[in-house]
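Below you'll find the structure, written out as structure tokens, and then a few comments.
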Amino acid sequence: MRALTVEPGRKGSLRVTDLPEPVPADGELLVDGLAVGVCGTDREIAAGDIGLPPSGSSWMVLGHESLGRVRQAPPGSSLTAGDLVVGAVRRPDPVPCGACARGESDNCRNGGYQERGIKQLHGYGSETWCVEEDYAVRLDPSLERVGILTEPTSIVVKAWEQVDLTGARGWFEPERALITGAGSIGLLAALIGTQRGLETHVIDLVTSGPKPEAVRALGATYHHHDVEAVAKKIRPDIVIEATGVGSVVVDAIRNTNHYGVTCLLGLLSSGHHVDVDAGILNRDIVLKNDLVVGSVNSNVRHFREAADVLVRADEAWLERLITRRVPLARAAEAFEVPDGPQNGDVKVVIDLDKNS
Ligand SMILES: [Zn+2]
Ligand SMILES: [Zn+2]
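Residue 1 is where the sequence shown starts when you use full-length UniProt numbering, and the numbers rise one by one after that.
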């Protein structure tokens, strides 16, 4: 079978390689890969910046945003051949810490967790893969074209869960949400905002293309002005920050409504300095009872809820988030970012179909 492999730490090592068919261990499903999504993490691994291969190996199968069809399920499994499935990304650390022991490896305390396609485990970017039944989530058959969005949706489901949990420390009936960044994470966050009936605003740099159109199609409002001006005007009760840009983060936190909850999801490499008056930022947070919470990764519970979010969404809307589909043989193209911040790419997907 063909697989997309990379040598973590070595730029230019991305390859489509022939590998032996995997053999499922006890309790594992054998799955025919349909597609694998590409995100910023994959691009960083391909650039040699992050990633860790399985122990004893110099290379790793890339890909953590999965979609496949079960070819063979273990005896007694609740899944059967033909089911559409997605595999969860993170596995508990071996100790395990208290969070991992309770099925919340997304909140691992000791950092010893492993991740498919990122850290010490082969990913899902192959024509065939195996996954433990406990880490496989069944999707509605209607999601064949768009189920590849389950993993990024799970990240956003967890973020909204953090907003709910932290908001619930007092009276909390939010009305307005601001999402900063209209990539796949930002747009999926906006989808959930509108599913909840919130007045949802999205801000990004682009002025045309699929991002503003996708926002408007949700019934949300698209902005391309600076964050401070937009946030001052709408006073969001909730901010979901998906850019990682320091100045955007600070402007968003400073201009929420009272009791505002800001959930930070974005990551940028270091070296982006912003002048911040920490005293004023502190006053803003204290005097408004604001809360700023970081969120990363997701666990199987979030994947299940993500599958429900996708079923409730308009399939044609989800399709517009997948702006490019690249066959496995030309996988390298999926890692090229066309034309800077004005580029129209939302989600690029590598097709794993045997004929691609
Ligand atoms: Zn990703
Ligand atoms: Zn742990």
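Every residue gets a Cβ at the ideal spot worked out from N, C-alpha and C, and that includes glycine.
ask   = Less than 6 Å between the CB of Glu65 and some heavy atom of ligand 1, yes or no?
value = Here residue 65 refers to the residue found at position 65 when the sequence shown is read from its first residue. Correct: Glu65 has its Cβ closer than 6 Å to ligand 1.
query = What number of angstroms, rounded off, separates the C-alpha of Val300 from the C-alpha of Glu104?
reply = Numbered from its first residue, the sequence shown carries residue 300 at position 300. Numbered from its first residue, the sequence shown carries residue 104 at position 104. For Val300 and Glu104, the distance between alpha carbons rounds to 8 Å.
ask   = Under the DSSP definition of a beta bridge, which residues are partnered with Ile350?
value = As a first step, residue 350 is located in the sequence shown; it is residue number 350 there, counting from the start. Bridge partners of Ile350: Val36 and Val326.
request  = For Ile179, write down the residues that DSSP places opposite it in a beta bridge.
outcome  = Residue numbering aside, residue 179 sits at position 179 when the sequence shown is read from its first letter. Partner(s): Val202 and Ile240.
request  = May I ask which residues mark the beginning and end of the beta strand (DSSP E) holding Asp18?
outcome  = On the sequence shown, position 18 is the one that residue 18 refers to. Looking at the DSSP string, the run of the beta strand (DSSP E) that includes Asp18 is Arg15 to Asp18.
task = Could you work out which residue in His225, Arg216, Asp18 and Ala307 is closest to Leu143 when comparing CA atoms only?
result = Locating residue 143 in the sequence shown gives position 143, where the first residue counts as 1. Selected option, being the one with the closest Cα: Ala307.
task = Would you check whether ligand 1 has a heavy atom nearer than 6 Å to the C-beta of Thr150?
result = Position 150 of the sequence shown, counting from 1, holds the residue named residue 150. Not under cutoff, so the answer is no.
Residues that Ala136 bridges to, as DSSP identifies them = For the purposes of this step, residue 136 is taken as the residue at position 136 of the sequence shown. In the DSSP output, where bridge partners are listed per residue, Ala136 has Gly87.
task = Consider the C-beta atom of Pro96 and the heavy atoms of ligand 2; say whether any pair is separated by less than 6 Å.
result = Stepping through the sequence shown from its first residue, residue 96 is reached at position 96. Flag set: Cβ of Pro96 near ligand 2.
task = Use the C-beta contact count for Trp171: other C-beta atoms within 10 angstroms, 16 or more gives buried, fewer gives exposed.
result = The residue you call residue 171 lines up with position 171 of the sequence shown. With fewer than 16 other Cβ atoms within 10 Å, it is exposed.
key: Cβ neighbour criterion (16 or more within 10 Å) applied to Ala168   = Along the sequence shown, one-based indexing puts residue 168 at 168. Exposed.
task = Kindly list the residues whose CB is nearer than 6 Å to the CB of Cys276, restricted to its own chain and excluding five residues on each side of it in sequence; keep chain order.
result = Sequence index remark: in the sequence shown, residue 276 carries index 276 (1-based). Sequence inspection shows Val at residue 276; the Cys mentioned does not correspond to that position. Answer for Val276: Val250, listed in chain order.
Span of the beta strand (DSSP E), counted from its first residue to its last, around Ala3 = Translated into positions along the sequence shown, residue 3 becomes position 3. Ala3 -> beta strand (DSSP E) spans Arg2 to Val6.
query = Within the present structure, is the beta-carbon of Thr41 separated from the nearest heavy atom of ligand 1 by less than 6 Å?
reply = Here residue 41 corresponds to residue number 41 of the sequence shown, with the count starting at 1. For ligand 1, at least one heavy atom lies less than 6 Å from the Cβ of Thr41.
query = Counting pairs of beta carbons, one from the stretch 129–146 and one from the stretch 14–25, are three or more of them closer than 8 Å?
reply = yes
inquiry  = Taking the beta strand (DSSP E) that His302 belongs to, which residues open and close that run?
reply    = Translated into positions along the sequence shown, residue 302 becomes position 302. Per DSSP, His302 belongs to no beta strand (DSSP E); it is in the alpha helix (DSSP H), Val300 to Arg312.
request  = Identify, in the order they occur along the chain, each residue of the same chain with its Cβ nearer than 6 Å to the Cβ of Leu291, setting aside the five sequence neighbours on each side.
outcome  = For the purposes of this step, residue 291 is taken as residue 291 along the sequence shown, with counting starting at 1. Answer for Leu291: Thr166 and Val261, listed in chain order.
CA-to-CA distance, Thr323 to Ala217, given in whole angstroms = Here residue 217 corresponds to residue number 217 of the sequence shown, with the count starting at 1. Here residue 323 corresponds to residue number 323 of the sequence shown, with the count starting at 1. For Ala217 and Thr323, the distance between alpha carbons rounds to 16 Å.
key: Neighbourhood of Arg15 by C-beta distance below 8 Å, restricted to the same chain and skipping five residues each side   = Counting from 1 along the sequence shown, the entry for residue 15 is found at position 15. These residues qualify, in order along the chain: Leu4, Thr5 and Val6.
request  = Using three-state DSSP, classify Ser184 as helix, strand or coil.
outcome  = Numbered from 1 along the sequence shown, position 184 holds the residue referred to as residue 184. It is helical.
request  = Identify whether Lys232 lies in helix, strand or coil by the three-state DSSP scheme.
outcome  = As a first step, residue 232 must be located in the sequence shown, where it is residue number 232. Note: Lys232 maps to helix in three-state DSSP.
key: For Ser55, the first and last residue of its enclosing beta strand (DSSP E)   = To locate residue 55, count along the sequence shown from 1; it is residue 55. Careful: Ser55 lies outside any beta strand (DSSP E) and carries neither H nor E.
query = Would Leu34 pass as a contact of Leu352 if the rule is Cβ separation under 7 Å?
reply = Here residue 34 refers to the residue found at position 34 when the sequence shown is read from its first residue. Here residue 352 refers to the residue found at position 352 when the sequence shown is read from its first residue. Closer than 7 Å, so yes.
ask   = Skipping 5 residues on each side, what residues in its chain have a beta carbon closer than 8 Å to that of Ala332?
value = Position 332 of the sequence shown, counting from 1, holds the residue named residue 332. Result list for Ala332: Leu14, in chain order.
query = Mind checking Thr80: buried by the 16 CB within 10 Å criterion, or exposed?
reply = Start at 1 with the first residue of the sequence shown, and residue 80 comes out as number 80. When all chains shown are included, Thr80 counts as exposed.
key: Simplified DSSP assignment, three categories, for Lys288   = The sequence position of residue 288 within the sequence shown is 288, counting from 1. Three-state result, Lys288: coil.
key: Extent of the continuous alpha helix (DSSP H) to which Glu144 belongs   = Counted from its first residue, the sequence shown places residue 144 at position 144. Unbroken run through Glu144: none, as it is neither H nor E.
inquiry  = I need the boundaries of the beta strand (DSSP E) containing Leu318, first residue and last residue.
reply    = Taking the sequence shown and counting its residues from 1, the one referred to as residue 318 is at position 318. Unbroken run through Leu318 is the alpha helix (DSSP H), Glu315 to Leu321; no beta strand (DSSP E).
message = Can you look up Val157 in the DSSP assignment and give me helix, strand or coil?
response = The residue you call residue 157 lines up with position 157 of the sequence shown. DSSP places Val157 in helix when its eight states are reduced to three.
request  = Out of Gly9, Ala177, Gly68 and Ser55, state which residue places its alpha-carbon closest to the alpha-carbon of Ala47.
outcome  = Indexing the sequence shown from 1 puts residue 47 at position 47. Selected option, being the one with the closest Cα: Gly9.
inquiry  = Once DSSP output is grouped into helix, strand and coil, what is the label at Lys119?
reply    = Counted from its first residue, the sequence shown places residue 119 at position 119. Looking at Lys119 - three-state DSSP - the assignment turns out to be strand.
key: Assumed close pair residue 436, Val86 - CB separation to whole angstroms, cut-off 8 Å   = What is shown of the chain runs 1 to 356, which leaves residue 436 out entirely.
inquiry  = For Val230, tell me which candidate among Val248, Cys263 and Glu28 has the shortest Cα-Cα distance.
reply    = Here residue 230 corresponds to residue number 230 of the sequence shown, with the count starting at 1. It is Val248.
inquiry  = Could you check if Cys100 belongs to the surroundings of ligand 2, using beta carbon to heavy atom distance under 6 Å?
reply    = The residue you call residue 100 lines up with position 100 of the sequence shown. For ligand 2, at least one heavy atom lies less than 6 Å from the Cβ of Cys100.
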